[in-house]
Structures are given as C-alpha cells and as structure tokens.
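Following: one structure in structure tokens, then a few remarks.
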Amino acid sequence: MVRIVDVGGRLVEVQVRESPRARLLRTVWRPGEPAELVVPVGTSNRAIDAALRAHAPWLARQLDAERVRVLDPPPLTEHEGRRLAGELVRETIVAESPRIGVRCRRISIRDTRSRFGSCSSKGSLSFSWRLVLAPRRILDYVVVHELCHLVHLDHSRRFWSLVESARPDFREQRGWLGDHGWELLAYRPPRDALGDV
Ligand SMILES: [Zn+2]
Numbered sequence: 000m001v002r003i004v005d006v007g008g009r010l011v012e013v014q015v016r017e018s019p020r021a022r023l024l025r026t027v028w029r030p031g032e033p034a035e036l037v038v039p040v041g042t043s044n045r046a047i048d049a050a051l052r053a054h055a056p057w058l059a060r061q062l063d064a065e066r067v068r069v070l071d072p073p074p075l076t077e078h079e080g081r082r083l084a085g086e087l088v089r090e091t092i093v094a095e096s097p098r099i100g101v102r103c104r105r106i107s108i109r110d111t112r113s114r115f116g117s118c119s120s121k122g123s124l125s126f127s128w129r130l131v132l133a134p135r136r137i138l139d140y141v142v143v144h145e146l147c148h149l150v151h152l153d154h155s156r157r158f159w160s161l162v163e164s165a166r167p168d169f170r171e172q173r174g175w176l177g178d179h180g181w182e183l184l185a186y187r188p189p190r191d192a193l194g195d196v
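As numbered in numbering that gives the first Met the number 0, residues 0 to 196 make up the sequence shown, in order.
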C-alpha cells in the first residue's frame with residue numbers, strides 16, 4: 000500500500016509494509032529509494048496515519064540532506080528542449096513498445112508542473128520536455144513507465160512487475176526523479192534567439 004504524505008510541502012510516496020517481525024511502527028529511508036513505513040501485521044489505518052504524521056518531520060530532514068544539486072544541463076531553450084524530447088521519447092517508444100507488447104497511438108510533449116509523464120484512459124501519453132535535462136536513463140524510465148500504463152492503468156503490483164521486467168533497475172531511476180525532479184522543474188531556459196518559444 001502506498002500513501003502520499005505531505006513532507007514540508009513536498010508530496011512524498013511512502014510504501015506501507017506489514018512485517019510479522021515488526022513490533023513498532025518504523026520509518027525506513029535509504030537514498031534513492033522510496034520511503035517505507037514498516038508496521039506490525041494488522042495495524043489500523045488510524046495508527047498508520049498517525050505514524051506518518053509523526054514521522055514526517057524526520058523524513059523531511061532526510062530528504063533535505065539529499066537535496067544536493069546534481070544537474071548541470073547545457074543551456075537549452077524550451078523550443079529546443081521540446082524538439083529533442085519528442086525525438087528521444089519517440090526513439091524509446093519504438094524500441095520498447097514491441098517488448099512490452101503495446102502500441103502507443105498519440106504522444107504529446109508538455110511543460111507539466113506536477114508529473115513528468117502521464118497516460119490518459121484513451122491511451123495517449125504525455126511527457127514533460129524537461130526530461131531532456133535529466134540523464135537519458137531517466138527519460139527512458141518515464142517512457143517505459145507510461146507504456147506499462149497502456150497495459151495496467153494503475154500502480155498495482157502487476158503494473159510494477161511489468162515495469163521491473165522492462166527496467167530491472169527502475170528503482171534507481173524512480174529514486175533519482177524523487178531526489179532531483181525538482182531540479183528539472185527549477186530549470187529556467189534561456190529565451191530563444193528568435194523569441195519563438
Ligand atoms: Zn504511473
């Protein structure tokens with residue numbers, strides 16, 4: 000079960016995991032991995048909510064320590080970024096769709112604030128052009144993630160195992176986005192010489 004927790008204004012996914020060995024509710028966090036709340040079997044939702052609230056300040060401190068800037072993108076205008084993003088996204092779709100066994104009908108490149116990729120119920124995929132600022136494997140992961148949504152339009156266990164079969168080390172890329180996605184959003188592109196943004 001995944002809960003979304005407001006950690007100092009930042010929405011963070013916390014995986015809640017029941018463990019037969021757990022006696023206390025304990026938050027576990029490792030750099031580059033999703034946070035986890037380990038609870039004794041049969042813990043009530045109320046107790047889980049209370050623990051998530053109580054542990055949020057601690058989690059915020061861990062995440063702040065991780066907010067180290069790693070991104071140093073070349074100056075890229077939004078116009079160039081959108082064109083490049085379209086090319087790279089299509090390239091990955093061509094390579095990955097047959098392996099995942101899907102066909103993507105429509106893609107669009109946007110400047111989304113909240114998500115780097117999304118999949119509509121009609122099967123069209125959208126991507127943020129800002130993914131071109133990240134290492135290529137991160138863009139690839141987001142494309143694979145959305146292609147897998149053409150099979151499972153949810154974040155169920157079946158969905159994640161499909162992602163894992165296509166990208167066995169997807170946790171690293173998902174963790175990277177969690178740690179550094181804010182840098183992609185913070186990037187201010189220079190204006191195009193012709194002003195054609
Ligand atoms: Zn998703």
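Cβ atoms here follow ideal geometry from the backbone N, Cα and C, with glycine treated the same way.
- In this structure, Val-88 sits near Leu-130, with a CB-CB distance shorter than 9 Å.
- By the Cβ neighbour-count rule, Asp-48 is exposed, with fewer than 16 other Cβ atoms within 10 Å of its own.
- A check of alpha carbon separations from Leu-183 across Ser-155, Cys-147 and Ser-113 identifies Ser-113 as the nearest.
- Counting only residues of its own chain and dropping the five nearest sequence neighbours on each side, Pro-167 has no CB closer than 6 Å to any other CB.
- Counting C-beta atoms within 10 angstroms of its own C-beta, Glu-86 has fewer than 16 neighbours from the protein chains shown and is therefore classed as exposed.
- The beta carbon of Cys-118 sits closer than 8 Å to at least one heavy atom of ligand 1.
- Ligand 1 never approaches Glu-95 closely enough for any of its heavy atoms to be under 8 Å from the residue's Cβ.
- One alpha carbon belongs to Ser-43, the other to Ala-53, and they sit about 15 Å apart.
- By the neighbour-count definition (other C-beta atoms within 10 Å, threshold 16), Val-13 is a buried residue.
- Considered as a whole, the segment 46–109 harbours 105–109 as its complete beta strand (DSSP E) runs of no fewer than 3 residues, in chain order.
- Taking every residue with its beta carbon within less than 6 Å of a heavy atom belonging to ligand 1 gives, in chain order, His-144, His-148 and His-154.
- A residue is called buried once 16 or more other Cβ atoms fall within 10 Å of its Cβ, and Leu-152, having fewer, is exposed.
- With a threshold of 16 other beta carbon atoms within 10 Å, Val-93 falls short and is exposed.
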